[in-house]
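J.: Using this note's numbering, the letters of the sequence shown map in sequence onto residues 593 to 841.
For reference, the structure I am asking about is given below.
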Amino acid sequence: MWLVRRCRWRRQLLGALFFVAVTAVQFVMRLETSNKRGSSTKGSRANYSIPEVEDFIGELQARSLELDAPYRLDDLTPYSTFLQRLNALKKKGLEMGSFVQLNGTRPWEEFHRKVNQYHMYDPSDGTVLKHLLGDLNSRPIVRADGGFGNVQLILVLTFDNGGKGIFKPMRKPRDHETPPNRFYYSDMERHNAEIAAFHLDMVLGFHRAVPTVGRLMNITRDIAAVGDKDVNGTVHVSPAGNVCFFSKC
């Protein structure tokens, strides 16, 4: 009796595996078939297309053109033109009262004055954003404080013009991939994650991500020489001769 049940269980398992394999093969053949429909001008969608999705996109674009929808996007319109049209339609939201009272001309003050409920910055005014990113990238640092209330290593930097920024050090190379069997909460955040998020947010036309930029830091000059007692107490020279520091998370 046990042998019969065992054989039956094996047949059911093999049948299930065969069903999954056939389904996967059919899906792959479907993608390959849809990709052999000739050349396409659909950009990145050309190599990975599913008929139902393409039909939906085509119908959406057709109706948008018929109705002259403000958010319409077709294959012939440059994306930069679409973003300009999109930004022109956005409302200017309420500004933050405490920031509006700032009357200085320093980049961080001009940036804070224009923060509103819809945008972190005005997409039509690139001068303020350019100057702010320049300060974050090269402005002299006069103080470095340990980060507070964060699960990753960060420092709060103060610049010589009164502006502040949050610094996250590079702890992994850009091409490092997390092992699949490692719990993601125990993994280290990537230093370039916020940089990528900032640029992606700009490309998509949201303008809601905090301006972020990369910066080459000198630990001796930019951290140890201006750090608070908590930061300076951790600066040390490693056995390999590198100047290192750590902070509380």
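Cβ atoms here follow ideal geometry from the backbone N, Cα and C, with glycine treated the same way.
Keep in mind the model is a prediction, meaning the values are calculated, not measured.
#1: Is it the case that the region 778–787 contacts the region 759–766, given that we only count it when at least three CB pairs across the two stretches are under 8 Å?
#2: Decide yes or no for the touch test of the region 769–785 against the region 824–832: beta carbon pairs closer than 8 Å, at least 3 of them.
#3: Mind checking whether Leu747 and Ala736 have CB atoms under 7 Å apart?
#4: Is it right to say His799 is buried, meaning 16 or more other beta carbons lie within 10 angstroms of its own, or is it exposed?
#5: Figure out for me which residue from Pro831, Phe838, Ala832, Gly806 has the closest Cα to the Cα of Lys821.
#6: Between which two residues does the alpha helix (DSSP H) containing Thr673 stretch?
#7: Could you check the C-alpha separation between Phe691 and Gly755 for me, to the nearest Å?
#8: Give me whichever residues DSSP pairs with Leu747 in a beta bridge.
#9: For Asn679, I'd like the list of residues in its chain whose CB is within less than 6 Å of its CB, leaving aside the five on either flank, ordered along the chain.
#10: Might you give, ordered along the chain, the residues of its own chain that have their beta carbon closer than 7 Å to the beta carbon of Lys628, omitting 5 neighbours on each side?
#11: Go ahead and pull the three-state DSSP assignment for Gly819.
#12: If you pair each beta-carbon of the region 696–716 with each one of the region 670–686, do three or more pairs fall below 8 Å?
#13: Judging by CA-CA distance, which residue of Gln744, Val645, Asn753, Gly806 is the nearest neighbour of Tyr776?
#14: With Pro803 and Tyr713 assumed to form a contact (beta carbons below 8 Å), what rounded beta-carbon distance in angstroms separates them?
#15: Pro662 and Leu675: beta carbons closer than 7 Å?
#16: With DSSP as the reference, label Val707 as helix, strand or coil.
#17: Between the C-alpha atoms of Gly806 and Thr697, what's the straight-line distance to the nearest angstrom?
#18: Residues in the same chain with beta-carbon distance under 8 Å from Ser730, minus the five sequence neighbours each way, listed in chain order, please.
#19: Quick one, which of Lys764, Trp700, Ala654, Arg774 has its alpha-carbon nearest Gly726's?
#20: Comparing the CB of Asp714 with every heavy atom of the ligand ATP, is any distance shorter than 6 Å?
#21: Going by DSSP in three states, Cys836 sits in which element: helix, strand or coil?
#22: Using three-state DSSP, classify His768 as helix, strand or coil.
#23: In angstroms with no decimal places, state the Cα-to-Cα distance between Val835 and Gly819.
#24: Look up Glu687 in the DSSP assignment and give the residues it is bridged to.
#25: I need the boundaries of the alpha helix (DSSP H) containing Gln693, first residue and last residue.
T.: According to the structure data:
#1: Contact between the region 759–766 and the region 778–787 is present, because at least three Cβ pairs lie under 8 Å.
#2: When C-beta atoms of the region 769–785 are compared with those of the region 824–832, fewer than three pairs fall below 8 Å, so the two segments do not count as touching.
#3: Your numbering for residue 747 matches position 155 in the sequence shown. Your numbering for residue 736 matches position 144 in the sequence shown. Yes, they are a contact pair.
#4: The residue you call residue 799 lines up with position 207 of the sequence shown. Result: buried.
#5: Reading the sequence shown from its first residue, position 229 is the one you call residue 821. Nearest neighbour of Lys821 by Cα position, chosen from Pro831, Phe838, Ala832, Gly806, turns out to be Phe838.
#6: The residue labelled residue 673 in the question sits at position 81 within the sequence shown. According to the DSSP assignment, Thr673 belongs to the alpha helix (DSSP H) that extends over 671–681.
#7: Along the sequence shown, read from residue 1 onward, the residue named residue 691 stands at position 99. Along the sequence shown, read from residue 1 onward, the residue named residue 755 stands at position 163. Phe691 and Gly755: Cα-Cα distance of roughly 13 Å.
#8: Locating residue 747 in the sequence shown gives position 155, where the first residue counts as 1. Beta-bridge pairing links Leu747 to Gly738, Phe759.
#9: Locating residue 679 in the sequence shown gives position 87, where the first residue counts as 1. So the list reads Pro715, once near-sequence residues are dropped.
#10: As a position in the sequence shown, residue 628 is number 36, starting the count at 1. In this predicted model, Lys628 has a pLDDT of only 47, less than 50, meaning its place in the structure is not dependable; the value taken from the coordinates is given anyway. The answer is none, since no qualifying residue turns up.
#11: Numbered from its first residue, the sequence shown carries residue 819 at position 227. DSSP places Gly819 in strand when its eight states are reduced to three.
#12: Yes: at least three Cβ pairs fall under 8 Å.
#13: One-based indexing of the sequence shown puts residue 776 at position 184. For Tyr776, the nearest C-alpha among the options comes from Gln744.
#14: In the sequence shown, counting from the first residue as 1, residue 803 sits at position 211. In the sequence shown, counting from the first residue as 1, residue 713 sits at position 121. Contact check for Pro803 and Tyr713: beta-carbon distance about 7 Å, within the 8 Å limit, so the pair qualifies.
#15: To locate residue 662, count along the sequence shown from 1; it is residue 70. To locate residue 675, count along the sequence shown from 1; it is residue 83. Judged by beta-carbon spacing, Leu675 lies beyond the 7 Å limit of Pro662, meaning their Cβ atoms are not closer than that value.
#16: Position 115 of the sequence shown, counted from the first residue, corresponds to residue 707. Of the three classes helix, strand and coil, the one that applies to Val707 here is coil, per DSSP.
#17: Start at 1 with the first residue of the sequence shown, and residue 806 comes out as number 214. Start at 1 with the first residue of the sequence shown, and residue 697 comes out as number 105. Approximately 24 Å between the Cα atoms of the pair.
#18: Position 138 of the sequence shown, counted from the first residue, corresponds to residue 730. Result list for Ser730: Arg807, in chain order.
#19: Counting from 1 along the sequence shown, the entry for residue 726 is found at position 134. When each option's Cα is compared against that of Gly726, the closest is Trp700.
#20: With respect to the ligand ATP, the structure offers nothing, as it holds no ligand at all.
#21: Position 244 of the sequence shown, counted from the first residue, corresponds to residue 836. Note: Cys836 maps to strand in three-state DSSP.
#22: Residue mapping note: residue 768 aligns to position 176 of the sequence shown, counting from 1. Assigned with DSSP and collapsed to three states, His768 falls in coil, not helix or strand.
#23: In the sequence shown, residue 835 corresponds to position 243, counting from 1. In the sequence shown, residue 819 corresponds to position 227, counting from 1. Linking Val835 to Gly819 through their CA atoms gives a straight-line distance of about 14 Å.
#24: Walking along the sequence shown from the start, residue 687 turns up at place 95. Looking at the DSSP output, Glu687 bridges to Asn708.
#25: On the sequence shown, residue 693 is found 101 positions in, with the first residue counted as 1. It is not in any alpha helix (DSSP H) - Gln693 carries neither H nor E in the DSSP assignment.
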